[in-house]
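Colleague: Just dropping this structure here.
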Amino acid sequence: MKKITLLSLVLASSAALNAQKKEVAKDTVASSEFNRWTVEASVGQAKGVKPYSPGYFSSDPGTFFGKPQANSFALAGRYMFSPNFGFKGALHFEEIRNIKGNGSLPFKMQQFGVSIQGVVNLSRLFGIQESLNRFGLLAHAGIKIDAMTSKTHNIIENDHNYNVTEWNGGLVVGITPQFRITNRLAAMLDITVQNNYRQHFNWDGTYADITNNLNGQLISGTIGLSYSFGANDMHGDWATIRDKKSEEIEALGKRVDEMETLMNDTDKDGVPDYLDQENNSVAGVAVDTRGKMVDMNRNGVPDELERYVDKSTKDISEKSNVDMVKKLINEGYVTTYFDTNKSTPTNVSTEGIDFMLTYLRNFPEAKIDIIGHADEIGSTAYNNNLANKRAEAVKAILVKAGISADRMNVVVQGEDTSVDPNSDGARKLVRRVTFRVK
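Under mature numbering (1 follows the signal peptide of the UniProt record, and there is no 0), residues -19 to -1, 1 to 419 are what the sequence shown spells out, in order.
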């Protein structure tokens, strides 16, 4: 039934969405669902790969990786227009110079640049975000324009173009592994390669040979931090994002669950629990629209039970009548119910006490056992004590109603294991006091 109802609601919802022509892409979500803006700052080393004039170079032949230099700085702002794709703009500064003691003639080149790049969140794109946990992986590519200024002192006239600035342009591509430190702050490592297609200078400041065709190359490795801005607490690159259709289906499912809960009928009397004022009525006994057992003469005994007694005892003696009533009592038809962890009878279950009061008044010689029960929630010792309290509470009511205490004996039955302890409705049926005529 639940699946059928849910399917109907989903189909109705889908029809409404199609009619309004609002198709939601799987990777497109409302702007409030993840933080789109991120600021990045990084520092590291940049190396001019080519071109150089003879006698100049930036590598150190005596070491494997070369000597580290903090000569590359960047500040960037990134905007993700979907969970997978975005763009960023960045300001750059690099100072390319020789490594002391590497055998190169001394040189220095400074360049200030700006770049516009597209960004791809590879972790999301390949569906490995959950596996990576706090790690992440971005890729970026775009164009970069630099103002290159030679800071190499001239040897012969203007051979190294000291303080001369040339504009340089090219393409950049890079990859950025990340590690989330806090919800909004992440550390990053970036490796970027820049290929220039309008580089007049060699990295040492001299003009490049015309046969070089204005080509140049630079590689950089930097470390830095990124901080995510927005309404959500989680960094936009790691936020859990769900598509709209999944959310709508889940919401429909919750509404169906709520409807089914409202329509539960614990005592199976045909009246849903949310309307039932007596949801522990005896099985098979007629109830009214409020779920209360019908008692037209208001004598505390449901009419259905009275008719059963009348029908069963119509042609038998008074002794048989007494035996029948006794049988009904001893077989548990007369019961008083209690709420969880309570020893005070519920308002709707005082009819059972009233029935016993009537019986004891009509049969002044009769003696009864008052038997206390409890469900299985809690320890056995606690439940035995609670069952005793319930039986004592019923006994106290009957004593105050004029029944002698010595006619009533309290018996502790304790935990009733006859029902499923995980069912709230079933547990209601065993939190009770029953009676036994001796």
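By construction, the Cβ of each residue, glycine as well, lies at the ideal position given by its N, Cα and C atoms.
Where does Ile191 fall in DSSP's three states?
Modeller: For the purposes of this step, residue 191 is taken as the residue at position 210 of the sequence shown. Ile191: helix per DSSP, three-state reduction.
Colleague: Where does Asp387 fall in DSSP's three states?
Modeller: Walking along the sequence shown from the start, residue 387 turns up at place 406. In the structure shown, Asp387 sits in a helix (DSSP, three-state: H, G or I).
Colleague: Check each candidate in Thr325, Val100, Glu373 and Val153 and name the one with the smallest Cα separation from Val391.
Modeller: Taking the sequence shown and counting its residues from 1, the one referred to as residue 391 is at position 410. Nearest C-alpha to Val391: Glu373.
Colleague: Taking the Cβ atom as the reference point for each residue, do Glu357 and Pro326 lie within a distance shorter than 7 Å?
Modeller: Numbered from 1 along the sequence shown, position 376 holds the residue referred to as residue 357. Numbered from 1 along the sequence shown, position 345 holds the residue referred to as residue 326. Not closer than 7 Å, so no.
Colleague: Between the Cα of Val24 and those of Glu14, Pro32, Phe74 and Phe336, spot the shortest distance and give me the residue it belongs to.
Modeller: One-based indexing of the sequence shown puts residue 24 at position 43. With distances taken between Cα atoms, Val24 lies closest to Phe74.
Colleague: Could you give the uninterrupted runs of the alpha helix (DSSP H) lying entirely in the region 98 to 153, keeping only those of 4 residues or more?
Modeller: Fully enclosed alpha helix (DSSP H) runs of 4 or longer: 103 to 106 and 110 to 113.
Colleague: Could you tell me whether the Cβ atoms of Gln175 and Leu199 are closer together than 7 Å?
Modeller: By one-based count along the sequence shown, residue 175 stands at place 194. By one-based count along the sequence shown, residue 199 stands at place 218. Yes; because the gap between Cβ atoms is below 7 Å, this pair is in contact.
Colleague: On the three-state DSSP scale, how would you describe Val20?
Modeller: As a first step, residue 20 must be located in the sequence shown, where it is residue number 39. Residue state, collapsed to three classes: strand.
Colleague: I need the DSSP call for Asn176, collapsed to helix, strand or coil.
Modeller: Looking up residue 176 in the sequence shown gives position 195. In this structure, Asn176 counts as strand in the three-state DSSP scheme.
Colleague: Measure how close the beta-carbons of Thr146 and Gly186 come, nearest whole angstrom, since I'm counting them as under 8 Å.
Modeller: Taking the first residue of the sequence shown as 1, we reach residue 146 at position 165. Taking the first residue of the sequence shown as 1, we reach residue 186 at position 205. That belief does not hold up - the Cβ atoms of Thr146 and Gly186 are roughly 11 Å apart, past 8 Å.
Colleague: Between Asp304 and the ligand GTP, is there a pair consisting of the residue's CB and a ligand heavy atom that are separated by less than 6 Å?
Modeller: Looking for the ligand GTP in the displayed structure turns up nothing, as the structure carries no ligands at all.
Colleague: Can you say whether Pro87 is buried or exposed, counting buried as having 16 or more other CB atoms within 10 angstroms of its CB?
Modeller: Counting from 1 along the sequence shown, the entry for residue 87 is found at position 106. Answer is exposed; the Cβ neighbour count stays below 16.
Colleague: Where does Leu338 fall in DSSP's three states?
Modeller: By one-based count along the sequence shown, residue 338 stands at place 357. Correct three-state label for Leu338: helix.
Colleague: For my contact list, Lys69 and Gln110 are in at a C-beta cut-off of 8 Å; report their separation, rounded to the angstrom.
Modeller: Here residue 69 is taken as the residue at index 88 of the sequence shown, counted from 1. Here residue 110 is taken as the residue at index 129 of the sequence shown, counted from 1. In fact, because the Cβ distance is near 20 Å, the residues do not count as touching under 8 Å.
Colleague: Quickly, what does DSSP pair Met61 with across the bridge? List them, please.
Modeller: Here residue 61 refers to the residue found at position 80 of the sequence shown. DSSP, once it has assigned bridges, lists Gly67 as partnering Met61.
Colleague: Determine the contact status of Thr316 and Ile334, defining contact as a CB-CB distance below 7 Å.
Modeller: Counted from its first residue, the sequence shown places residue 316 at position 335. Counted from its first residue, the sequence shown places residue 334 at position 353. No, the Cβ-Cβ distance between Thr316 and Ile334 is not below 7 Å.
Colleague: Pull up the distance between the alpha-carbon of Gly359 and that of Thr247, whole angstroms please.
Modeller: Looking up residue 359 in the sequence shown gives position 378. Looking up residue 247 in the sequence shown gives position 266. Roughly 22 Å between the two C-alpha positions.
Colleague: Between the Cα of Thr19 and those of Lys381, Tyr208 and Trp148, spot the shortest distance and give me the residue it belongs to.
Modeller: Your numbering for residue 19 matches position 38 in the sequence shown. Of Lys381, Tyr208 and Trp148, the residue nearest in Cα terms is Tyr208.
Colleague: Taking a contact to mean a Cβ-Cβ separation below 7 Å, would you say residue 506 touches Leu119 in this structure?
Modeller: The structure shown does not extend to residue 506, since the chain spans only -19 to 419, so no value can be given for it.
Colleague: I need the boundaries of the alpha helix (DSSP H) containing Asp405, first residue and last residue.
Modeller: The count along the sequence shown starts at 1 and reaches residue 405 at position 424. That run of the alpha helix (DSSP H) goes Asp405 to Lys409.
Colleague: Going by DSSP, which residues form a beta bridge with Arg412?
Modeller: By 1-based counting over the sequence shown, the position of residue 412 is 431. Arg412 pairs with nothing; no bridge assigned.
Colleague: Locate the beta strand (DSSP E) running through Tyr37, then write down its first and last residues.
Modeller: Locating residue 37 in the sequence shown gives position 56, where the first residue counts as 1. It is not in any beta strand (DSSP E) - Tyr37 carries neither H nor E in the DSSP assignment.
Colleague: Just to confirm, are Thr203 and Ser53 a CB contact at a threshold of 7 Å?
Modeller: In the sequence shown, residue 203 corresponds to position 222, counting from 1. In the sequence shown, residue 53 corresponds to position 72, counting from 1. Contact: yes.
Colleague: Tell me whether Thr398 is buried or exposed, calling it buried when 16 or more other Cβ atoms sit within 10 Å of its Cβ.
Modeller: As a working mapping, residue 398 is identified with position 417 in the sequence shown. It counts as exposed.
Colleague: Identify every residue that forms a DSSP beta bridge with Gly395.
Modeller: Numbered from 1 along the sequence shown, position 414 holds the residue referred to as residue 395. Note: Gly395 sits in a beta bridge opposite His354.
Colleague: State the start and end residues of the unbroken alpha helix (DSSP H) segment that holds Ile378.
Modeller: Position 397 of the sequence shown, counted from the start, is the residue given in the question as residue 378. Here the alpha helix (DSSP H) through Ile378 covers Thr361 to Lys381.
Colleague: From Asp254 to Met244, what distance separates their C-alpha atoms?
Modeller: The sequence position of residue 254 within the sequence shown is 273, counting from 1. The sequence position of residue 244 within the sequence shown is 263, counting from 1. Whole-angstrom Cα-Cα distance: 7 Å.
Colleague: Which stretch, first to last residue, makes up the beta strand (DSSP E) that contains Gly82?
Modeller: As a working mapping, residue 82 is identified with position 101 in the sequence shown. No beta strand (DSSP E) holds Gly82; DSSP gives it neither H nor E.
Colleague: Considering only residues of the same chain and omitting the five flanking positions on each side of Gly36, which have a CB-CB separation below 6 Å?
Modeller: Walking along the sequence shown from the start, residue 36 turns up at place 55. So the qualifying residues of the chain are Leu86.
Colleague: Less than 8 Å between the CB atoms is what I'm expecting for Gly205 and Met169, so what's the real figure, rounded?
Modeller: Start at 1 with the first residue of the sequence shown, and residue 205 comes out as number 224. Start at 1 with the first residue of the sequence shown, and residue 169 comes out as number 188. Confirmed, Cβ separation roughly 5 Å.
Colleague: Leaving out the 5 sequence neighbours to the left and right, which residues in its chain are closer than 7 Å to Val30 when beta-carbon positions are compared?
Modeller: Residue 30 sits at position 49 when you count from the first residue of the sequence shown. Cβ within range, chain order: Gln198, Leu199 and Ile200.
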